[in-house]
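Engineer:
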Amino acid sequence: MKPCIILLGPPGSGKGSQTEKLKSFLGFQTVSTGDLVRSQIKGQTSIGLEIEPFLKEGRLVPDELIVQLFKEWIKDNQDAKGFILDGFPRTLEQAYIFNKDIVGKFNLKVQVIYLEVSVDLLISRMLTRLICNKCKAVYNTTSKPPKHLNQCDECGEALERRQDDNPETIVTRNKEYMSLTAPLVEFFLENLVTINGDQDSEKVFSDIMKGLNNGNLN
Ligand SMILES: [Zn+2]
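Heads up, the sequence shown is in the numbering used here, so the first residue is 11 and it goes up one at a time.
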């Protein structure tokens, strides 16, 4: 069986950076929904052509199409040692279709990591976050400050706070996330490990590795 790690957690929980750490440590393949959508549209593939009108009209892409994207991607990456899915499945419907159409067909051993974080921490993390609009590097004034005040280490551009990083939008985004994704925690309960995402990033990573080993990842 091929390991397939699914990372669940609200925006700001550190999913992205944990995905990168896991990828370099385990040598698994990873992709985000956004990257898949963009590449299919750019390549004008048959799925890309189906998805394009939804994006143009600002409508939600149907769950079946999103799952189809991942199915094709897994099919195209059969030589991978394993997979890390960041931000997929996002809804209960996607999870059902994923289980039905992908898990058995590609002989995947699914392990779900749920990063649980407190809303207070999400707020304080986001309020201290700075981004570079030019190269998209992300900093944090407390945990990862730039070498020079408000200046990007990579490209020297001035750093800014994201427009939507304010307490109200964070609470709203978190509520949206919880109502949409919390049922997934229930759905995957058998193969799920909950990690305390309030800890520092290294401790979160070591807890994830412990959780994966207890589930006999390899
Ligand atoms: Zn930069």
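By construction, the Cβ of each residue, glycine as well, lies at the ideal position given by its N, Cα and C atoms.
(1) Could you check if residue 23 is buried or exposed, using at least 16 other CB atoms within 10 Å of its CB as the buried criterion?
(2) Need the endpoints of the alpha helix (DSSP H) that residue 131 sits in, please.
(3) Have a look at 101, 116 and 113 and flag the residue whose alpha-carbon is nearest the alpha-carbon of residue 189.
(4) CA-CA distance, residue 194 and residue 208?
(5) Tell me where the beta strand (DSSP E) around residue 205 begins and ends.
(6) Distance, Cα to Cα, residue 122 vs residue 13?
(7) When you compare the stretch 102-112 with the stretch 70-79, are there three or more beta-carbon pairs, one atom per stretch, that lie closer than 8 Å?
(8) I need the residues with a C-beta less than 6 Å from some heavy atom of ligand 1; please give them in chain order.
(9) For residue 15, which of 210, 203 and 216 has the nearest alpha-carbon?
(10) Three or more beta-carbon pairs under 8 Å between the stretch 49-60 and the stretch 19-37, yes or no?
(11) Please say whether residue 43 and residue 98 have beta carbons closer to each other than 7 Å?
(12) One question on the structure: do residue 184 and residue 129 come within less than 7 Å of each other, judged by their Cβ atoms?
(13) Give the secondary structure of residue 210 by DSSP, where H, G and I count as helix, E and B as strand, and everything else as coil.
(14) With distance defined between alpha-carbon atoms, name the residue in 175, 156 and 83 nearest to residue 166.
(15) From the DSSP output, in three-state form, read off residue 154 for me.
(16) When the Cα atoms are used, what is the spatial distance from residue 141 to residue 158?
(17) Leaving out five residues before and five after residue 118 in sequence, what residues of the same chain have Cβ atoms less than 6 Å from its Cβ?
(18) Comparing alpha-carbon positions, which option in 153, 169 and 132 lies nearest residue 147?
Structural biologist: Looking at the atomic coordinates:
(1) By one-based count along the sequence shown, residue 23 stands at place 13. Per the 10 Å Cβ criterion, buried.
(2) To locate residue 131, count along the sequence shown from 1; it is residue 121. 129-137 is the span of the alpha helix (DSSP H), which, as asked, contains residue 131.
(3) Start at 1 with the first residue of the sequence shown, and residue 189 comes out as number 179. For residue 189, the nearest C-alpha among the options comes from 101.
(4) Within the sequence shown, numbered from 1, the residue matching residue 194 stands at position 184. Within the sequence shown, numbered from 1, the residue matching residue 208 stands at position 198. In a straight line, the C-alpha of residue 194 is about 20 Å away from that of residue 208.
(5) Position 195 of the sequence shown, counted from the first residue, corresponds to residue 205. Looking at the DSSP string, the run of the beta strand (DSSP E) that includes residue 205 is 202-206.
(6) Here the question's residue 122 lines up with position 112 in the sequence shown. Here the question's residue 13 lines up with position 3 in the sequence shown. So the two alpha carbons sit approximately 11 Å from each other.
(7) yes
(8) 142, 144, 145, 147, 162, 164, 165 and 167
(9) Locating residue 15 in the sequence shown gives position 5, where the first residue counts as 1. Ranking the options by Cα distance to residue 15, first place goes to 203.
(10) no
(11) As a working note, residue 98 is residue 88 in the sequence shown. As a working note, residue 43 is residue 33 in the sequence shown. A contact, by the Cβ cut-off of 7 Å.
(12) Within the sequence shown, the letter at position 174 stands for residue 184. Within the sequence shown, the letter at position 119 stands for residue 129. Yes.
(13) Position 200 of the sequence shown holds residue 210. Three-state result, residue 210: coil.
(14) Counting from one through the sequence shown, the residue named residue 166 turns up at place 156. Looking at the Cα atoms, 156 is the closest of the given residues.
(15) Position 144 of the sequence shown holds residue 154. Of the three classes helix, strand and coil, the one that applies to residue 154 here is strand, per DSSP.
(16) Position 131 of the sequence shown, counting from 1, holds the residue named residue 141. Position 148 of the sequence shown, counting from 1, holds the residue named residue 158. Those two C-alpha atoms are separated by around 14 Å.
(17) Mapped onto the sequence shown, residue 118 falls at position 108. Excluding residues within five positions, the ones whose Cβ falls inside 6 Å are 12 and 14.
(18) As a position in the sequence shown, residue 147 is number 137, starting the count at 1. Minimum Cα distance to residue 147 is reached at 169.
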